[in-house]
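Peer 1:
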Amino acid sequence: MGVKDQGLQEYLKDNERFADFMNGTLFAGKQIVDPRYLKEVQRKKRVSYKQSIMAKNIQKKNSSEKYGEEEIAREKGVFEEGEFGDDSAKLMYLERERDFLRLHDKPGCRFLLACEVESGANYEMPVRCFTYDSIEYTDQLKEWKRKSQQMFWGRGKRGKKRRRIRRPLLPVFHQVLYLGEKRWKSKLKLQEMIDIPESVMSFSDRLPDYDICMIDIHEQDPELFRTEWKDIFQLMKHSRKKDELRKYVEENTEEIRKLSQETRWLLAILLEQYEFVDEEVVEVKDMCKAWDGAMQMYADEARAATRKEMKKEMRRQAREKDRRTVFNMFSRGYSQKEIAAISELPLKKVQKMCEGFIENTTMPVHTS
């Protein structure tokens with residue numbers, strides 16, 4: 017997990033911030049999520065399934081595999097000891113962990129909220145999100161099945177057979193929060209990744225599609241938020257253009273300094289105002305004065321750009337001076353070799369300059 021991901025995880029531990037973030041990005045500013053009903057749930061989920069060894073062997077019929085299925089499974093850690101007593105199937109595990117997952121446990125309004133954080137465009141994101149939600153719904157089915165098995169299947173007081181209750185699944189709202197400086201140019205939907213043959217293109221609506229619900233941190237409407245997320249999104253709208261960001265910071269310095277320490281800390285991380293102490297420890301530069309650090313960074317960039325332009329101009333002036341020197345000596349009858357020796361310029365450079373002079377003058381040429 018990256019530094020920005022960890023910073024967001026720390027910031028969104030607060031239920032009020034998490035609720036405001038979801039209400040603004042997912043529910044268009046409507047106050048659907050109540051922070052009082054948010055609960056932490058297990059982010060890492062694992063589902064198991066049986067895979068037929070016979071089917072697997074058919075798939076590997078033409079393979080030169082040297083190891084048996086049991087040895088392969090042990091190497092990959094996909095089965096438990098004693099599992100291979102049944103030669104017909106083996107137990108496989110699929111495990112995934114989300115960046116954020118909360119349960120909104122309000123009576124009559126129960127659902128799961130999931131979010132993935134990406135710092136760069138990821139081609140496989142539609143499949144990943146589809147897998148995450150599939151595992152989540154599978155986990156719910158397993159839980160309902162486990163609870164229903166604990167119920168007694170007998171007859172009630174009137175001799176009627178009890179019925180197993182089929183509870184509906186909780187909806188999983190998911191989205192991908194994108195932090196990259198460049199705009200997302202990868203796939204947003206599952207069907208965009210699929211090569212659909214032209215002959216069945218007219219039936220593509222029968223293929224399942226899946227939208228990752230991408231949220232770009234630089235393109236959100238600040239007015240949809242009620243907490244300091246409003247200030248975060250207002251500033252991040254300008255962060256892709258350094259000149260705009262610098263101007264915004266200069267005009268809103270006092271308001272920025274009034275933000276909470278946690279918000280300034282997150283903004284410092286989003287603007288990459290941090291450094292690595294070692295492989296596991298990250299130190300945010302001037303946590304309480306992150307904006308001074310940001311302003312210093314932009315000032316340094318401006319000075320570097322100025323120095324670059326100055327060096328470019330100095331090189332141009334030096335070339336012009338060399339050209340005038342060569343022209344004056346050439347017009348006075350010096351040979352190209354003499355010009356190169358006196359001016360301490362490479363002979364090839366002098367020859368190239370003189371070729372240009374020859375084309376524009378009727379003077380005698382001295383090449384010896």
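Numbering of the sequence shown is given in the numbering used here, commencing with residue 17 and proceeding in unit increments.
Heads up, the beta-carbon is just placed ideally off N, CA and C, and yes, glycines get one too.
Since the structure is predicted, the reported quantities are computational estimates derived from the model, not experimental observations.
Measuring straight from C-alpha to C-alpha, what distance separates Met-330 and Glu-244?
Peer 2: Whole-angstrom Cα-Cα distance: 48 Å.
Peer 1: Output the residue ranges of the alpha helix (DSSP H) runs that lie fully inside the segment 114-200 and measure 4 residues or longer, sorted by chain position.
Peer 2: Complete alpha helix (DSSP H) runs here, min 4: 141-165.
Peer 1: Reducing DSSP to helix, strand and coil, say where Leu-110 ends up.
Peer 2: Note: Leu-110 maps to strand in three-state DSSP.
Peer 1: I'd like the span of the alpha helix (DSSP H) that includes Ile-248, first residue to last.
Peer 2: Start and end: 245-252.
Peer 1: So, under 8 Å CB-CB, Gly-18 and Ser-135 are touching, yes? Tell me the CB distance rounded to an integer number of Å.
Peer 2: Yes, they are in contact, since the Cβ atoms of Gly-18 and Ser-135 sit about 6 Å apart, within 8 Å.
Peer 1: Taking its Cβ as the centre, do 16 or more other Cβ atoms sit within 10 Å of Val-192, making it buried, or is it exposed?
Peer 2: Result: buried.
Peer 1: Using CA atoms only, rank isn't needed, just tell me which of Phe-34, Asn-268, Val-216 and Lys-61 is closest to Cys-131.
Peer 2: Considering only alpha carbons, the answer is Phe-34.
Peer 1: Measuring only the C-alpha atoms, how far is Glu-354 from Val-342?
Peer 2: Each residue's alpha carbon lies about 10 Å from the other.
Peer 1: Three or more C-beta pairs under 8 Å: does that hold for the segment 230-241 against the segment 143-156?
Peer 2: The segment 230-241, when compared against the segment 143-156, does not touch it at the 8 Å Cβ threshold.
Peer 1: According to DSSP, simplified to helix, strand and coil, what is Leu-287?
Peer 2: It is coil, neither helix nor strand.
Peer 1: Just to confirm before moving on: does the CB-CB distance between Glu-208 and Tyr-27 stay below 8 Å?
Peer 2: Result no, Cβ atoms of Glu-208 and Tyr-27 do not sit closer than 8 Å.
Peer 1: Terminal residues of the continuous beta strand (DSSP E) containing Glu-56?
Peer 2: Glu-56 -> beta strand (DSSP E) spans 54-56.
Peer 1: Under the assumption that Gly-196 contacts Ala-137 (Cβ atoms under 8 Å), give the Cβ distance between them as a whole number of angstroms.
Peer 2: So it is a contact: roughly 7 Å between Cβ atoms.
Peer 1: Spatial neighbours of Thr-147 within its chain, please: CB distance less than 7 Å, with the 5 preceding and 5 following residues excluded, ordered by chain position.
Peer 2: Cβ within range, chain order: Arg-112.
Peer 1: Hey, how far is the Cα of Phe-219 from the Cα of Leu-275?
Peer 2: One C-alpha to the other measures close to 53 Å.
Peer 1: With 16 other CB atoms within 10 Å as the buried threshold, where does Ile-228 fall?
Peer 2: The residue in question, Ile-228, is buried, as its Cβ has 16 or more Cβ neighbours within 10 Å.
Peer 1: Give me the Cα-Cα distance between Gln-352 and Arg-323, rounded to the nearest whole angstrom.
Peer 2: Going from the Cα of Gln-352 to the Cα of Arg-323 covers about 35 Å.
Peer 1: Contact defined as beta carbons within less than 8 Å: I believe Leu-119 pairs with Lys-55. What is the distance between those atoms, to the nearest angstrom?
Peer 2: Indeed they touch by this definition, with Cβ atoms about 5 Å apart.
Peer 1: Between the beta-carbon of Val-188 and the beta-carbon of Asp-149, is there less than 8 Å?
Peer 2: Yes; because the gap between Cβ atoms is below 8 Å, this pair is in contact.
Peer 1: Any idea what DSSP makes of Cys-370, helix, strand or coil?
Peer 2: In this structure, Cys-370 counts as helix in the three-state DSSP scheme.
Peer 1: According to the neighbour-count rule (16 or more other Cβ atoms, all chains shown, within 10 Å of its Cβ), is Ile-151 buried or exposed?
Peer 2: Burial call: buried.
Peer 1: Below 8 Å between beta carbons: does that hold for Met-230 and Leu-204?
Peer 2: A contact, by the Cβ cut-off of 8 Å.
Peer 1: Have a look at Phe-127 and Ile-210 and give me their C-alpha separation to the nearest angstrom.
Peer 2: About 30 Å.
Peer 1: Assuming contact is defined by CB atoms lying nearer than 8 Å, are Arg-160 and Arg-183 in contact in what I supplied?
Peer 2: The sequence given here places Trp at residue 160; Arg does not occur at that position. Their beta carbons are under 8 Å apart, which means Trp-160 touches Arg-183 by this criterion.
Peer 1: Between the beta-carbon of Asp-7 and the beta-carbon of Val-133, is there less than 8 Å?
Peer 2: Outside the displayed span of the chain (17 to 384) sits residue 7, for which this structure offers no information.
Peer 1: List the endpoints of the continuous alpha helix (DSSP H) containing Asp-232.
Peer 2: Note, Asp-232: premise wrong, no alpha helix (DSSP H); beta strand (DSSP E) at 230-232.
Peer 1: From this set, Glu-288, Ile-358 and Glu-267, which residue's C-alpha is nearest Arg-256's C-alpha?
Peer 2: The shortest C-alpha separation from Arg-256 is found at Glu-288.
Peer 1: Would you report the Cα separation of Leu-185 and Leu-129, rounded to the nearest angstrom?
Peer 2: Distance between the alpha carbons of Leu-185 and Leu-129 is about 14 Å.
Peer 1: Within 10 Å of its beta-carbon, does Cys-125 have 16 or more other beta-carbons around it, so buried, or fewer, so exposed?
Peer 2: By the neighbour-count rule (16 or more Cβ atoms within 10 Å), Cys-125 is not buried but exposed.
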